[in-house]
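Presented below is the structure to which this report refers.
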Amino acid sequence: MKYNVLVAAIAALGLTQCAQTREVSASNSATLAHAYEDHFLIGAALNEDQIYQRNAEIDAIIRTQFNSIVAENCMKFERIHPNQGGFFWDEADAFIAYGEKHDMAVIGHTLAWHSQTPEWLFLNDEGDNVGREELLKRMEHHITTIMHRYKGKVKGWDVVNEAVLDDGTMRQSKFYQIIGEDWVEQMFRIAQKADPDAELYYNDYSMAIPAKREAVHALVKGMQEKGIRVDGVGMQGHISLEGPTIDEYEASLVRLAELGLVMITELDVTVLPWPGTELTAEVSMSVEFQNEFNPYKDKLPADVSNQLTQRYKDMFALFLKHEDKIDRVTMWGVTDGATWRNDWPMEGRTDYPLLFDRANKAKPAVAEIISLTQSDDETSD
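All you need for the working numbering is the position in the sequence shown, starting with 1, plus 94.
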């Protein structure tokens with residue numbers, strides 16, 4: 095009798111321990127970071143309010159849901175190097191400190207980009223364009239100074255951002271006009287010398303367009319064949335409910351993975367009607383406000399919310415399918431209340447593109463995305 099009681103007690107203890115183990119496991123997998131820790135990094139772009147932890151609820155989301163961060167604006171040229179006389183370090187230093195404090199993979203964005211770059215960079219004292227050698231000298235100073243300051247603290251850098259147009263031709267930026275066709279190559283040479291240990295990336299939008307994909311592939315492969323280190327490509331994920339299709343995105347992901355790491359960067363899903371014929375992420379685009387393009391001023395209808403959930407689930411299912419090719423998936427923002435899509439390309443709109451809403455609550459998509467990894471775990475068991 096005592097033996098049976100003892101056996102029952104041991105069995106009960108075992109069941110309790112198993113239950114506790116399951117509870118811990120469920121608790122850990124209840125965040126994006128824990129659910130995907132064996133698959134790829136989950137990142138978010140941080141703005142200044144988030145870097146300085148001005149909202150406790152949003153800060154809790156960042157610390158629990160993400161294990162990688164990227165600078166949304168504070169490292170862009172006009173912010174960190176606003177005049178020729180010196181740098182503004184406060185925000186970037188705080189960003190780096192935040193990542194170190196919370197043991198996150200830190201991504202630098204961006205060292206060379208045609209937009210959000212001050213005019214002084216390209217002009218001499220007379221107001222004329224500088225020559226090739228002078229611009230290369232200025233860019234070497236810019237890139238080297240920043241990379242040296244944060245050496246050993248940044249996992250990787252978006253060295254060049256958006257140098258290729260959707261039709262596959264090179265963007266006729268000031269960099270291109272002054273330095274020449276090899277300007278992208280020159281930026282990577284400088285970055286490689288500045289920090290040999292940091293990963294170096296090329297980053298661009300609309301990468302599911304075949305012409306653009308192939309042009310970027312040729313650009314990066316050409317540099318690699320010259321011995322210039324390009325560790326991978328960032329595929330910006332500024333997408334909509336309708337496009338690009340999963341097949342189109344997958345074709346580019348697989349193709350670009352031939353070059354090295356693939357990062358899904360700047361991921362958000364606009365739910366609003368698009369005021370144009372082709373979806374783009376060209377920041378210079380600006381359209382006058384029209385009510386017809388702002389249909390969800392008060393809240394998102396249930397059917398559209400369901401579409402958003404399914405869209406995110408389909409995208410993350412694709413990422414898991416190709417997890418061997420993907421190093422990181424980064425959301426371009428944290429909550430809908432502070433997304434750039436509210437004011438681009440039309441100021442005053444109300445968009446719902448991210449995984450956390452304006453009340454700082456997880457959307458249904460979060461649980462669905464997490465469930466994809468739990469299904470994998472159950473299958474492997």
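Yeah, the Cβ is synthetic: ideal placement off N, Cα and C, and Gly gets one too.
Taking all protein chains shown into account, do 16 or more other C-beta atoms lie within 10 angstroms of the C-beta of residue i, making it buried, or fewer, making it exposed?
{"i": "residue 424", "result": "buried"}
{"i": "residue 159", "result": "buried"}
{"i": "residue 286", "result": "buried"}
{"i": "residue 202", "result": "buried"}
{"i": "residue 391", "result": "exposed"}
{"i": "residue 473", "result": "Note that residue 473 has pLDDT 48, beneath the 50 cutoff, so the model's placement of it is unreliable and the number below is only indicative. Residue 473 comes out exposed."}
{"i": "residue 306", "result": "buried"}
{"i": "residue 396", "result": "exposed"}
{"i": "residue 242", "result": "exposed"}
{"i": "residue 439", "result": "buried"}
{"i": "residue 120", "result": "Reliability of the predicted coordinates at residue 120 is poor, the pLDDT of 36 falling under 50, and the value obtained from them is presented with this limitation in mind. Exposed, because fewer than 16 other Cβ atoms sit within 10 Å of the Cβ of residue 120."}
{"i": "residue 139", "result": "buried"}
{"i": "residue 385", "result": "exposed"}
{"i": "residue 289", "result": "buried"}
{"i": "residue 265", "result": "exposed"}
{"i": "residue 263", "result": "exposed"}
{"i": "residue 483", "result": "Examination of residue 483 is not possible in this model, given that the chain is present from 95 through 475 alone."}
Output yes or no for whether 8 Å exceeds the beta carbon distance between residue i and residue j.
{"i": "residue 484", "j": "residue 255", "result": "Past the boundaries of the shown model lies residue 484; the chain is included only from 95 to 475, so the question cannot be answered."}
{"i": "residue 281", "j": "residue 237", "result": "yes"}
{"i": "residue 137", "j": "residue 163", "result": "yes"}
{"i": "residue 278", "j": "residue 313", "result": "yes"}
{"i": "residue 467", "j": "residue 448", "result": "no"}
{"i": "residue 167", "j": "residue 432", "result": "no"}
{"i": "residue 200", "j": "residue 258", "result": "no"}
{"i": "residue 247", "j": "residue 204", "result": "no"}
{"i": "residue 273", "j": "residue 230", "result": "yes"}
{"i": "residue 321", "j": "residue 292", "result": "no"}
{"i": "residue 165", "j": "residue 186", "result": "yes"}
{"i": "residue 365", "j": "residue 296", "result": "no"}
{"i": "residue 332", "j": "residue 308", "result": "no"}
{"i": "residue 133", "j": "residue 417", "result": "yes"}
{"i": "residue 294", "j": "residue 405", "result": "no"}
{"i": "residue 135", "j": "residue 422", "result": "yes"}
{"i": "residue 338", "j": "residue 367", "result": "no"}
{"i": "residue 358", "j": "residue 407", "result": "no"}
{"i": "residue 267", "j": "residue 208", "result": "yes"}
{"i": "residue 126", "j": "residue 356", "result": "no"}
{"i": "residue 145", "j": "residue 189", "result": "yes"}
{"i": "residue 394", "j": "residue 446", "result": "yes"}
Quick one: give me the first and last residue of the beta strand (DSSP E) that residue i is part of.
{"i": "residue 441", "result": "Segment: none, residue 441 is in no beta strand (DSSP E) and carries neither H nor E."}
{"i": "residue 331", "result": "326-334"}
{"i": "residue 360", "result": "355-364"}
{"i": "residue 139", "result": "135-140"}
{"i": "residue 293", "result": "293-298"}
{"i": "residue 128", "result": "Run containing residue 128: none in the beta strand (DSSP E); it sits in the alpha helix (DSSP H), 126-129."}
So what does DSSP say about residue i, is it helix, strand or coil?
{"i": "residue 346", "result": "helix"}
{"i": "residue 251", "result": "strand"}
{"i": "residue 165", "result": "strand"}
{"i": "residue 215", "result": "helix"}
{"i": "residue 311", "result": "helix"}
{"i": "residue 207", "result": "strand"}
{"i": "residue 452", "result": "coil"}
{"i": "residue 223", "result": "strand"}
{"i": "residue 193", "result": "helix"}
{"i": "residue 199", "result": "strand"}
{"i": "residue 467", "result": "helix"}
{"i": "residue 180", "result": "strand"}
{"i": "residue 281", "result": "helix"}
{"i": "residue 339", "result": "coil"}
{"i": "residue 301", "result": "coil"}
{"i": "residue 158", "result": "helix"}
{"i": "residue 460", "result": "helix"}
Along the chain, where does the alpha helix (DSSP H) that runs through residue i open and close?
{"i": "residue 237", "result": "226-243"}
{"i": "residue 405", "result": "396-415"}
{"i": "residue 422", "result": "Run containing residue 422: none in the alpha helix (DSSP H); it sits in the beta strand (DSSP E), 420-425."}
{"i": "residue 269", "result": "268-273"}
{"i": "residue 174", "result": "171-174"}
So is the beta-carbon of residue i under 7 Å away from any non-hydrogen atom of the ligand GDP?
{"i": "residue 419", "result": "Here there are no bound small molecules, and the ligand GDP is not part of this structure."}
Item to check | Sufficient close CB pairs (3 or more, under 8 Å) joining the stretch 286-303 to the stretch 338-346 | outcome: yes
Checklist entry - Should the stretch 349-356 be regarded as contacting the stretch 326-336, the criterion being three or more beta carbon pairs within less than 8 Å? => result yes
Checklist entry - Can we say the stretch 184-195 touches the stretch 448-460, given the rule of at least three CB pairs closer than 8 Å? => result no
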